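**Q** Have a look at this one.
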Amino acid sequence: MIYLLLSVLASSTIFVVFKLFDRYKVDTFQAIVMNYVTACASGLIAFNQPVTVDQVISSSWFYGALLLGVLFIVVFNVMAITTQRSGLSVVSVASKMSVALPVVFGIAVYHESTGFLKLLGIILALVAVYLASIKSTSGISIDKKNLVYPLMVFLGSGVIDTSLKYLETNYVPAEETPLFSSGIFAVAAVIGLSVMLFQYIKTKKQISVKSILAGIILGVPNYFSIYFLIKALKAPGFESSTVFTVNNVSIVMVSTALGIILFKERLILKNWIGIGLAILSILLVAYASL
Numbered sequence: 533m534i535y536l537l538l539s540v541l542a543s544s545t546i547f548v549v550f551k552l553f554d555r556y557k558v559d560t561f562q563a564i565v566m567n568y569v570t571a572c573a574s575g576l577i578a579f580n581q582p583v584t585v586d587q588v589i590s591s592s593w594f595y596g597a598l599l600l601g602v603l604f605i606v607v608f609n610v611m612a613i614t615t616q617r618s619g620l621s622v623v624s625v626a627s628k629m630s631v632a633l634p635v636v637f638g639i640a641v642y643h644e645s646t647g648f649l650k651l652l653g654i655i656l657a658l659v660a661v662y663l664a665s666i667k668s669t670s671g672i673s674i675d676k677k678n679l680v681y682p683l684m685v686f687l688g689s690g691v692i693d694t695s696l697k698y699l700e701t702n703y704v705p706a707e708e709t710p711l712f713s714s715g716i717f718a719v720a721a722v723i724g725l726s727v728m729l730f731q732y733i734k735t736k737k738q739i740s741v742k743s744i745l746a747g748i749i750l751g752v753p754n755y756f757s758i759y760f761l762i763k764a765l766k767a768p769g770f771e772s773s774t775v776f777t778v779n780n781v782s783i784v785m786v787s788t789a790l791g792i793i794l795f796k797e798r799l800i801l802k803n804w805i806g807i808g809l810a811i812l813s814i815l816l817v818a819y820a821s822l
């Protein structure tokens, strides 16, 4: 349970840092790329053993980490496009509702429990995520021509979580968790740095020191959000459907609380109902998993 709590806290810290990006006019893409570099370095430091390229390439999880690294950077860019075209609430709902995919995967492939209370808790969790993420009384409105982007966010985020569970179960030894996490971020960093280099050559776009510092600050909690999530998935007694449900709903709750405390955000009735349902869903899923 402690790993799950730490993953939630790390993920919620990412929310706070992202909010500060707007306030301090940080170049988001540059910061994200530096965040991946920092997260990769954090994993290598945490591994605390000599690492060679041959060792990484020959690892059973290498190709999975390669795929996840590509997905990380692609999904981030699709989330940015979705935010610009449909708004932040749409991105929030699409990314968090994607918890349905790893939950279904855990139940279908690993035959995890499907009691009435647990299923009710999962359904309430999805409703809670939607209600807590909507910041207008009119709900979500998406232009039909832009519908593909939140759908891609939903699928991409769900595939990332599902792949983490699959790789953690079948290919990642417990002692290599830091190195596996670092490998994912390394791939994303290489792709991001390549794009930044192309931008510089083509447009002479300068690197912002402020954005680099912001990326370093973001990279540490980003690394630990993945590291602790994998550790939680490996913990005995916790099914992945329980971990992903509690993790996603808790992130929404804590992020909302931080928004109120740190940024004076105001909630509408839907948000308060969503928070109440979130608490209830966590209690139901946790109780059903005892």
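Using the numbering used here, the first residue of the sequence shown is number 533, and each one after it goes up by one. Built from N, CA and C at the ideal position, the CB exists for glycine as well. These numbers were taken from a predicted model, which means no experiment stands behind them.
Please report how far the alpha carbon of residue 595 lies from the alpha carbon of residue 715, in whole angstroms.
**A** Approximately 10 Å between the Cα atoms of the pair.
**Q** Is the segment 546-565 touching the segment 762-771, taking contact as three or more C-beta pairs under 8 Å?
**A** Flag = no, the segment 546-565 and the segment 762-771 do not touch.
**Q** In three-state terms, what does DSSP make of residue 798?
**A** It is coil, neither helix nor strand.
**Q** Could you tell me the distance, in whole angstroms, from the CA atom of residue 743 to the CA atom of residue 643?
**A** In a straight line, the C-alpha of residue 743 is about 45 Å away from that of residue 643.
**Q** How many whole angstroms separate the CB atoms of residue 571 and residue 717, which I take to be in contact at a CB cut-off of 8 Å?
**A** Residue 571 to residue 717, Cβ: 4 Å. Contact.
**Q** Is the beta carbon of residue 599 less than 8 Å from the beta carbon of residue 812?
**A** Not closer than 8 Å, so no.
**Q** Skipping 5 residues on each side, what residues in its chain have a beta carbon closer than 8 Å to that of residue 683?
**A** So the list reads 626, once near-sequence residues are dropped.
**Q** Quick one, which of 785, 536, 817, 543 has its alpha-carbon nearest residue 666's?
**A** The candidate whose alpha carbon is nearest that of residue 666 is 785.
**Q** Can you name, in chain order, every residue of its own chain whose Cβ lies under 8 Å from the Cβ of residue 549, other than the five neighbours on each side?
**A** For residue 549, where only same-chain residues beyond five positions count, the Cβ hits under 8 Å are 746, 749, 750, 753.
**Q** For residue 778, which residues of its own chain have a beta-carbon under 7 Å away from its beta-carbon, when the five flanking residues on both sides are left out?
**A** Within the same chain, residue 778 has close Cβ partners 536, 814, 817, 818.
**Q** Applying the 10 Å Cβ sphere with the 16-neighbour rule, what's the burial state of residue 759?
**A** With 16 or more Cβ atoms within 10 Å of its Cβ, residue 759 is classed as buried.
**Q** Residue 495 and residue 632 look like a contact to me (Cβ under 8 Å); what is the Cβ gap, rounded to whole Å?
**A** Given a span of 533 to 822 for the chain in the structure shown, any question on residue 495 remains unanswerable.
**Q** Over what stretch of residues does the alpha helix (DSSP H) that includes residue 716 continue unbroken?
**A** Here the alpha helix (DSSP H) through residue 716 covers 709-735.
**Q** Would residue 605 pass as a contact of residue 724 if the rule is Cβ separation under 8 Å?
**A** Yes, they are a contact pair.
**Q** If we count the other Cβ atoms within 10 Å of its Cβ and call it buried at 16 or more, is residue 567 buried or exposed?
**A** Flag for residue 567 reads buried.
**Q** On the criterion of 16 or more Cβ atoms from any shown chain inside 10 Å, does residue 628 qualify as buried, or is it exposed?
**A** Looking at its Cβ environment, which holds 16 or more other Cβ atoms inside 10 Å, residue 628 is buried.
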